[in-house]
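Structure first, commentary second.
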Amino acid sequence: MTTIRDAAQKIMQTAIGLAPERWLPGGTPDPLIGRHGAIGSSVPRVDGPRKVKGEAPFAAEVPARNMTYAALVYSTIARGHIATLETDAAQAAPGVVLVMTYRNAPRMAPPAVFMSDPRAAGASSLPVMQDDAIHWNGEPIAVILAETQEQADHAATLVRVTYTEEAASTSFEYAAAHAHRPDNVLGEPAVIEIGNAEAALAEAAHKIDRTYHTPRYSHAAIEPHAATVWWEADGQLIVHDATQMLNGTRWTLAGIFGLKEEQIRILSPFVGGGFGGKALWNHQILAIAASRLSGRPVRVALSREGVFRVSGGRTTTRQRVALGARADGTLSALIHTGIAAMTAYNNCPEQFSFPARHLYAAGSFKLEQKVADIDMVANTFMRAPGESVGTFALESAIDELADDMGLDPIELRRRIEPAKDPTSDHPFSSRHLLDAYARGAERFGWSARSPTPRARREGEWLIGMGVATATYPYYRMPGGTARITLTRAGHACVAMASHEMGMGTATVQVQATADRLGLPLTHVTFAYGDTALPPGTIAGGSSQTASIAAAVTAAGEKLVSALLKLVGNASPLAGLKAGDIVARDGGLGHRALADRFESYVSILSRANRDQVSAEAEAPMPLEVQKYAMHSYGAQFCEVRVNAVTGETRVSRFLGAFDTGRIVNPRTAASQFRGGIIMGLGLALTEETLFDERTGRIMNASLAEYHVPVHLDVPEIDVIWTDTPDPRAPLGAHGIGEIGITGVGAAVANAVYNATGRRIRDLPITLDKLLGIT
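Reminder that position 172 of the sequence shown reads as 703 in the numbering used here, one-by-one numbering, no gaps.
So this is what it looks like as structure tokens:
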């Protein structure tokens, strides 16, 4: 079946590649690309006042009558079975309402794991609390419900359990020795070979062949994972969740609990940081099951330790990058292979080879990913999943090759800039990476960098500069539907079950809709965060802006058609077709004749209508089948490394980005900076310490898992090309994840320029730099 599906997909891709451009989404550029109005303006976040006032309801703040509070008990072995489980003391503790274990938990089907179905949202395919089996160290084995959180937490400490342990796979080196090639990597082939890269490498005039390591990383969003759930008398399930996957969560929960989708309502109007980690994990499922068993609402809010135990993060990788160059600096061979750890129950390999597939021209390629199965909490997406760690290896290797050849690192990248996508042969829809490099280099003062390591010193501090390429794919998720309701007062509401995780989704969609309908910003609202609304797409892959905009565009076209049916013969618009019309000045007008115009208020008043609505689904994202579509950037870093202690400080950072049109400079700058800061954590401070003897995460708290704080982060400068992509809605690409990519390599390359020492194993901690005096 997989072979048939792959063959059908190749046939479709070929047909789309041959199709006239006008047949495809984006074949006719979005008319808003050339217009200047709300789009491109630094509009303050529309949800900002509510958050500042504390009026924004998060999942752990939703009130409910007769609420109970949940605490989880976690396993302390990596694999085996529960031998004894004593819960009497917990059940007898003050305020305890219920103790749920595998013995009394309702029967539930295993979750549909993400990627197994377009609607699936499960982080793992493992059954949840259905038997005595243990699959990772930290798996929930009991749920305590009590009248207060303090009572539940206390009762959880009274549960006593013993285990029958089994041999577990917890060593990365052992698992790597038995690594296997997955069927695919997020729908892409696990192996790409063009020419004979190993032979070309052996014959290359210049070559480097290096191995790079990245550790585990854990999600540490400000808002820990939480949910408030209850069952209505009619059997409807209400879930207030912190999720990036509203409709996927509903579909997956329906399968787990044997319900119809319409029996479940998921609400998630505000999410305090997702970054890929706010998916469907065990805690929501257990809270729903416990609520069904107890007959009362349940609030589960994971402790910080609980987040580390129950929800996964980025997994460890070992990557080989080998580059062969001709005497003129062009590449004859590009090899990027390696292994990522994963569990056998999910499908989330770090796609670290993806940047190498699309960034640079080479005469031959060898790109391969394998996975090593480990008994651990299921890993998941984490801001720019594979690209963030993949660019660390690839961009560090590019810097090493430039050093070996005596070339400026930017000059080497200029020489290997491709004319079209190197591995798919697709034309680029929009690529201005060298422009971003030129602008960034001038603004950062790159010309002052010495190519000789250790050339600049101030007292104990060695100072160096580094650069790296940022890249992330353009995604537009299928399946989103928008509804626009226009009132007689000339106000419009866009409704879609989308998400607001702090990136400004609601704000930029209000801007885009205002321009598309010719309305002032104050006359547009965006309803989101509720499965009672038309279905939205996931908030992931930096895809929401384009995905929502495409649906709103389709709905807007239907709305114009519906309005033209209402105008009547007395209207200045009588006889006009949708193609003749442009929305402007609070109404509809002829594209060329200014006097043929009528306001929305007039149209609806004469038709005696209070409102008119239109709903439409976005077209399939066929543009990505014909064009190579990516966001790009150039990351510039200056570091100061103490020659005595090895302490590394980032003193300056600049990101120059090529991400299509910037819809809102204010929210965009925040997203770019946020990604860069997360990249500094990836490079310098963050590491999930995994005890390979027991499979236990050892630093499951923010006291020991070190995220960057204000003193770790310098002022970050961000600039952009602001060049629209004519094939993308609004001309825009996603920007939420591009900021983190390339940062790890830029820091490592700057450290090399400062000290002469190459660090190929993240994070760059002071112990790796001792002895550089």
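All C-beta atoms, glycine included, are put in the ideal place defined by N, C-alpha and C.
**Request:** On a CA-only basis, which of Arg712, Arg747 and Arg691 is nearest Phe703? Give me that one, please.
**Result:** Within the sequence shown, the letter at position 172 stands for residue 703. Nearest C-alpha to Phe703: Arg747.
**Prompt:** Any heavy atom of the ligand MG within a distance shorter than 7 Å of the CB on Leu1153?
**Reply:** What this structure holds is no ligand at all, so the ligand MG is not there to describe.
**Prompt:** Taking Cβ to Cβ, would you say Ser1074 is nearer than 8 Å to Met996?
**Reply:** Sequence index remark: in the sequence shown, residue 1074 carries index 543 (1-based). Sequence index remark: in the sequence shown, residue 996 carries index 465 (1-based). Result no, Cβ atoms of Ser1074 and Met996 do not sit closer than 8 Å.
**Request:** Could you round the C-beta distance between Thr615 and Thr693 to whole angstroms and report it? I think they count as a contact, below 8 Å.
**Result:** Looking up residue 615 in the sequence shown gives position 84. Looking up residue 693 in the sequence shown gives position 162. Indeed, because the Cβ distance is near 5 Å, the residues count as touching under 8 Å.
**Prompt:** Once you ignore the five residues that flank Arg566 on each side, which residues in its own chain have a CB closer than 8 Å to its CB?
**Reply:** Position 35 of the sequence shown holds residue 566. Answer for Arg566: Asp1046, listed in chain order.
**Prompt:** Taking DSSP as the reference, what is the three-state secondary structure of Arg1171?
**Reply:** Here residue 1171 refers to the residue found at position 640 when the sequence shown is read from its first residue. Of the three classes helix, strand and coil, the one that applies to Arg1171 here is strand, per DSSP.
**Request:** May I ask you to report which of helix, strand or coil DSSP gives Ser1182?
**Result:** On the sequence shown, position 651 is the one that residue 1182 refers to. In the displayed model, Ser1182 falls within a strand according to three-state DSSP.
**Request:** Check each candidate in Gly1049, Asp1126, Met1032 and Glu1148 and name the one with the smallest Cα separation from Ala1086.
**Result:** Translated into positions along the sequence shown, residue 1086 becomes position 555. Among Gly1049, Asp1126, Met1032 and Glu1148, the Cα nearest to that of Ala1086 belongs to Glu1148.
**Prompt:** To the nearest angstrom, how far is it from the Cα of Gly1010 to the Cα of Ala687?
**Reply:** Position 479 of the sequence shown, counted from the start, is the residue given in the question as residue 1010. Position 156 of the sequence shown, counted from the start, is the residue given in the question as residue 687. Cα to Cα, the separation comes out at about 42 Å.
**Request:** Count the other CB atoms, across all protein chains shown, that sit within 10 Å of the CB of Val593; report buried if there are 16 or more and exposed otherwise.
**Result:** Position 62 of the sequence shown, counted from the first residue, corresponds to residue 593. By the neighbour-count rule (16 or more Cβ atoms within 10 Å), Val593 is buried.
**Asked** By Cβ distance, which residues of its chain are closer than 6 Å to Ala620, with the 5 residues on each side in sequence left out?
**Response** In the sequence shown, residue 620 corresponds to position 89, counting from 1. Excluding its 5 nearest sequence neighbours in each direction, Ala620 has C-beta neighbours in its own chain below 6 Å: Leu689, listed in chain order.
**Asked** Along the chain, where does the beta strand (DSSP E) that runs through Asp740 open and close?
**Response** Translated into positions along the sequence shown, residue 740 becomes position 209. It spans His737 to Thr745 - the beta strand (DSSP E) in which Asp740 sits, taken as one unbroken run.
**Item:** DSSP-derived helix/strand/coil call for Leu1301
**Value:** Translated into the one-based positions of the sequence shown, residue 1301 becomes position 770. Correct three-state label for Leu1301: coil.
**Prompt:** Can you list, in chain order, the residues of its chain whose CB lies under 8 Å from that of Ser573, leaving out five sequence neighbours each side?
**Reply:** Here the question's residue 573 lines up with position 42 in the sequence shown. The residues are Asn1195, Pro1196 and Arg1197.
**Item:** 6 Å Cβ shell around Pro1257 - same chain, five flanking residues per side excluded
**Value:** Here residue 1257 corresponds to residue number 726 of the sequence shown, with the count starting at 1. Around Pro1257: Pro560.
**Same chain, Cβ closer than 7 Å to Phe1203, five either side skipped, listed in chain order** = The sequence position of residue 1203 within the sequence shown is 672, counting from 1. For Phe1203, where only same-chain residues beyond five positions count, the Cβ hits under 7 Å are Gly1186, Phe1188, Val1249, Ile1266 and Gly1270.
**Prompt:** Hey, would you say Leu898 sits closer than 8 Å to Ile723, going by beta carbons?
**Reply:** As a position in the sequence shown, residue 898 is number 367, starting the count at 1. As a position in the sequence shown, residue 723 is number 192, starting the count at 1. Contact flag set, yes.
**Request:** Tell me, please, which residues DSSP counts as bridged to Ile769.
**Result:** Locating residue 769 in the sequence shown gives position 238, counting from the first residue. Ile769 pairs with Trp761 and Arg796.
**Asked** What residues in its chain sit with their C-beta under 8 Å from that of Arg751, if we drop five residues either side in the sequence?
**Response** By one-based count along the sequence shown, residue 751 stands at place 220. With the sequence shown as reference, residue 751 is identified as Ala, and Arg is not the correct amino acid for it. Arg835, Val838, Leu1233, Tyr1236 and Val1238.
**Item:** Arg840 - containing alpha helix (DSSP H), residue span
**Value:** Here residue 840 corresponds to residue number 309 of the sequence shown, with the count starting at 1. Residues Arg835 to Val841.
**Asked** CB-CB under 7 Å to Leu1048, same chain, minus the five flanking residues each way: which ones, in chain order?
**Response** Here residue 1048 is taken as the residue at index 517 of the sequence shown, counted from 1. Excluding sequence neighbours, Leu1048 sits near Ala1023, Gly1087 and Ala1114.
**Item:** Candidates Ala706, Arg596 and Glu1218, of which the one nearest Trp761 by Cα
**Value:** For this step, residue 761 is matched to residue 230 along the sequence shown. That would be Arg596, whose Cα lies nearest to the Cα of Trp761.
**Message:** Going by the DSSP bridge assignment, what does Ala664 pair with across the sheet?
**Reply:** Position 133 of the sequence shown, counted from the start, is the residue given in the question as residue 664. Its beta-bridge partners are His612.
**Request:** Go through its chain and collect everything with a Cβ distance to Ile994's Cβ below 6 Å, but skip five positions before and after it.
**Result:** Against the sequence shown, residue 994 aligns to sequence position 463. Correct list, in chain order: Arg987, Arg1171 and Ala1285.
**Request:** Please say whether Asn910 and Gly869 have beta carbons closer to each other than 8 Å?
**Result:** For the purposes of this step, residue 869 is taken as the residue at position 338 of the sequence shown. For the purposes of this step, residue 910 is taken as the residue at position 379 of the sequence shown. Cβ atoms of Gly869 and Asn910: not closer than 8 Å.
**Asked** If you drop the 5 nearest sequence neighbours on each side, which residues of the same chain put their C-beta closer than 8 Å to that of Asp1298?
**Response** Within the sequence shown, residue 1298 is the residue found at index 767, counting from 1. If we look at Asp1298 and ignore the five residues flanking it on each side, its Cβ neighbours are Gly1177.
**Asked** Identify the residues that DSSP records as bridge partners of Leu1017: which are they?
**Response** Within the sequence shown, the letter at position 486 stands for residue 1017. Its beta-bridge partners are Ala1023 and Val1143.
**Prompt:** So what does Leu865 bridge to, in DSSP terms?
**Reply:** What you label residue 865 is simply residue 334 of the sequence shown in a count that begins at 1. Partner(s): Leu854 and Phe896.
**Request:** Pick helix, strand or coil for Ala539, following the three-state DSSP scheme.
**Result:** If you number the sequence shown from 1, residue 539 lands on position 8. Caution applies to Ala539, whose pLDDT of 43 falls short of 50 and renders its modelled position unreliable; the model cannot decide the point.
**Coarse secondary structure for Phe959, derived from DSSP in three states** = Locating residue 959 in the sequence shown gives position 428, counting from the first residue. In the structure shown, Phe959 falls within a strand segment according to DSSP collapsed to helix, strand and coil.
**Asked** How should Met532 be labelled, buried or exposed, when 16 other C-beta atoms within 10 angstroms of its C-beta is the threshold for buried?
**Response** Stepping through the sequence shown from its first residue, residue 532 is reached at position 1. Interpretation of Met532 is limited by its pLDDT of 36, a score under 50 that renders its predicted location unreliable; the figure taken from the coordinates is listed afterwards. Met532 is exposed by the Cβ-count criterion.
**Item:** Span of the beta strand (DSSP E), counted from its first residue to its last, around Ile1271
**Value:** Mapped onto the sequence shown, residue 1271 falls at position 740. Counting along the chain, Ile1271 falls outside any beta strand (DSSP E), and DSSP gives it neither H nor E.
**Message:** Alpha carbons only, please: which of Arg1183, Ala999 and Thr848 is nearest the one belonging to His867?
**Reply:** Numbered from 1 along the sequence shown, position 336 holds the residue referred to as residue 867. When only C-alpha atoms are compared, the closest one is Thr848.
**Prompt:** Helix, strand or coil for Ala752 per DSSP?
**Reply:** Within the sequence shown, the letter at position 221 stands for residue 752. In the structure shown, Ala752 sits in coil (DSSP, three-state: anything other than H, G, I, E or B).
**Asked** By a C-beta neighbour count over all protein chains shown, 10 Å radius and 16 as the cutoff for buried, is Lys1096 buried or exposed?
**Response** Here the question's residue 1096 lines up with position 565 in the sequence shown. Lys1096 should be labelled exposed.
**Request:** Compute the beta-carbon to beta-carbon distance between Tyr876 and Pro953, rounded to the nearest angstrom, for a pair I have assumed lies under 8 Å.
**Result:** In the sequence shown, residue 876 corresponds to position 345, counting from 1. In the sequence shown, residue 953 corresponds to position 422, counting from 1. With a Cβ gap of about 34 Å, Tyr876 and Pro953 do not count as contacting.
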